[in-house]
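Here the structure comes first, spelled out in structure tokens, and everything after it is commentary.
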Amino acid sequence: MVKRILLFTGKGGVGKTTCAAATGLMAAQAGYKTLVMSSDPAHSLSDALDIPLGPEPQEIVPNFYAQEIDLYYSMKKYWGNIRELLLLVFKWQGIGEIAAEELAALPGMEEASALLWLEQFYSSGEFDLIIVDSAPTGETLSFL
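-12 is the number of the first residue of the sequence shown in the working numbering; add one for each residue after it.
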């Protein structure tokens, strides 16, 4: 089982991502298998680490993994059938493809997908420490 989950939250621009990444690197250097997952749609974790990140965890240095949650990837992974049904209904109603894609991302889906990832990693016990680099406070309140 995961020993700890740390949540870095606050207003935009206060250094959440920097603190999350630095804490993750320190924990990894101390021997803890650590995941830093960013639920911020701005995807600034890859900028802070200066490495492109994807929607699945990837090892950056020994014991240090990072991922940036991607809503559309998560929807395909966890909500695929429901999303496809919504797209069909929207297109049948004459809504264009781009608008249908946006409408299929129901309110709260980003927070729900972040929770699904967190639950998956927590339940697996794969990591000693999970650090969540959250979106600015307003979005994080609905996540909590």
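Beta carbons are placed, not taken as given, at the ideal position from N, Cα and C, and that holds for glycine. These numbers come from a predicted model, not from an experiment.
In this structure, aspartate 115 places its C-beta atom within 8 Å of the C-beta atom of tyrosine 19. Judged by DSSP secondary structure, glutamine 16 falls within the alpha helix (DSSP H) whose first and last residues are 3 to 16. Counting only runs of 4 or more residues that sit fully inside the stretch 52 to 117, the alpha helix (DSSP H) segments are 58 to 79, 84 to 91 and 96 to 111, in chain order. Here the alpha carbon of glutamine 80 sits roughly 10 Å from the alpha carbon of leucine 74.
Rounded to whole angstroms, alanine 9 and glutamate 84 show a C-alpha spacing of 41 Å.
Under DSSP, aspartate 120 shares a beta bridge with Phe(-5) and Ser25. Under the 10 Å beta carbon count, glutamine 54 is surrounded by 16 or more other beta carbons and is classified as buried. With respect to the C-alpha of aspartate 27, the residue from Asp57, Glu106 and Ala15 having the closest C-alpha is Asp57.
Leucine 40 has its alpha-carbon roughly 18 Å from the corresponding atom of alanine 15. As the crow flies, the alpha-carbon of lysine -10 is around 12 Å from that of serine 111.
Taking every protein chain shown into account, the CB of alanine 101 has 16 or more other CB atoms within 10 angstroms, so this residue is buried.
Alanine 17 has its alpha-carbon roughly 51 Å from the corresponding atom of valine 76.
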